[in-house]
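**Student:** Numbering (my numbering), first residue to last: 16 to 235. The structure follows.
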Ligand SMILES: N[C@@H](CCC(=O)N[C@@H](CS)C(=O)NCC(=O)O)C(=O)O
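Written out as structure tokens, the structure is:
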């Protein structure tokens, strides 16, 4: 049985619905793999505990324990789960490389720029230059988003006709930023809607809201 280490109890307001444990539960729900969630108390310091540091070297969520095999990093975890189940990633080498490529693109090219914007929007950076830096980040994000938009021309998902773990990563990365940043890219807007209407994503949000004692719909 797989144990997912995710958040429980309380989260800072701006993190609700955006934490990376959602990526892993979405993959588990899509794949139909049995799992249980070990809900950690962030504000109670549980991520910094000795026991959890043995699981997660950076003291972060998510992590999984699959019958003694422990893994961290949301991208590595969703790829492992897809390979384990033989779904959400093609079996042949080039198809797998294509999906892996878009996983990296979402996590290493797009996400850092979108997070800079999200930090400024959340008021974490309040210095006088923040608005100017935001415009620079939005322009840079436009290059990455434009590339994703072109990639979606002619097919519904990042790596082609089939929904893969790369789409789980990109959709959750897109959720992290104000919708206005993505609005100039209509294929991406429609793509996000298409991915978010999947039954497995809806189940993921329902489990998350129960786990965090949130009102239904609060994490959507
Ligand atoms: N690169 C890691 C990032 C993990 C990460 O940033 N986790 C956040 C929650 S979304 C966390 O645990 N924050 C608490 C902390 O860093 O103390 C991944 O993709 O799994």
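Positions of the beta carbon are idealized from the N, C-alpha and C atoms, including for glycine.
Would you mind sorting residue 21 into buried or exposed? The rule is 16 or more other CB atoms within 10 Å of its CB.
**Tutor:** The residue in question, residue 21, is buried, as its Cβ has 16 or more Cβ neighbours within 10 Å.
**Student:** Jot down the residue ranges of each uninterrupted beta strand (DSSP E) in the region 33–80, minimum 3 residues, whole runs only, in chain order.
**Tutor:** List check, beta strand (DSSP E) in window: 50–56.
**Student:** How big is the Cα-Cα spacing for residue 207 and residue 186?
**Tutor:** The alpha-carbon atoms of residue 207 and residue 186 are separated by roughly 6 Å.
**Student:** Using 8 Å as the Cβ pair cut-off and three pairs as the minimum, do the region 194–202 and the region 218–227 touch?
**Tutor:** Flag = no, the region 194–202 and the region 218–227 do not touch.
**Student:** Would DSSP call residue 220 helix, strand or coil?
**Tutor:** Correct three-state label for residue 220: helix.
**Student:** Since residue 220 and residue 230 should fall inside the 8 Å C-beta cutoff, what is the C-beta to C-beta distance between them, to a whole number of angstroms?
**Tutor:** Their Cβ separation, rounded to whole angstroms, is 12 Å, which puts residue 220 and residue 230 out of contact at 8 Å.
**Student:** Does ligand 1 have even one heavy atom less than 8 Å from the beta-carbon of residue 35?
**Tutor:** The answer is yes for residue 35.
**Student:** Is it the case that the Cβ atoms of residue 42 and residue 180 are separated by a distance below 9 Å?
**Tutor:** The answer is yes: Cβ separation under 9 Å.
**Student:** Any idea if residue 178 is buried or exposed, counting beta-carbon neighbours within 10 angstroms, 16 or more meaning buried?
**Tutor:** The residue in question, residue 178, is buried, as its Cβ has 16 or more Cβ neighbours within 10 Å.
**Student:** Using the Cβ count rule (16 or more neighbours within 10 Å means buried), how would you classify residue 34?
**Tutor:** Counting Cβ neighbours within 10 Å, residue 34 comes out buried, since at least 16 surround it.
**Student:** For the beta strand (DSSP E) that residue 17 lies in, which residues bound it at each end?
**Tutor:** Residues 17–23.
**Student:** So if DSSP puts residue 85 in a beta bridge, which residue, or which two residues, is it bridged to?
**Tutor:** Residue 85 pairs with 80.
**Student:** Span of the alpha helix (DSSP H) holding residue 188?
**Tutor:** Run containing residue 188: 180–189, per the alpha helix (DSSP H) assignment.
**Student:** Could you name the residues that DSSP lists as bridge partners for residue 152?
**Tutor:** None, per the DSSP bridge assignment.
**Student:** Does the beta-carbon distance from residue 46 to residue 96 come in below 9 Å?
**Tutor:** Contact: yes.
**Student:** Using a Cβ-based criterion (distance less than 8 Å to any ligand heavy atom), does residue 62 qualify as near ligand 1?
**Tutor:** Checking every heavy atom of ligand 1 against the Cβ of residue 62, one is found closer than 8 Å.
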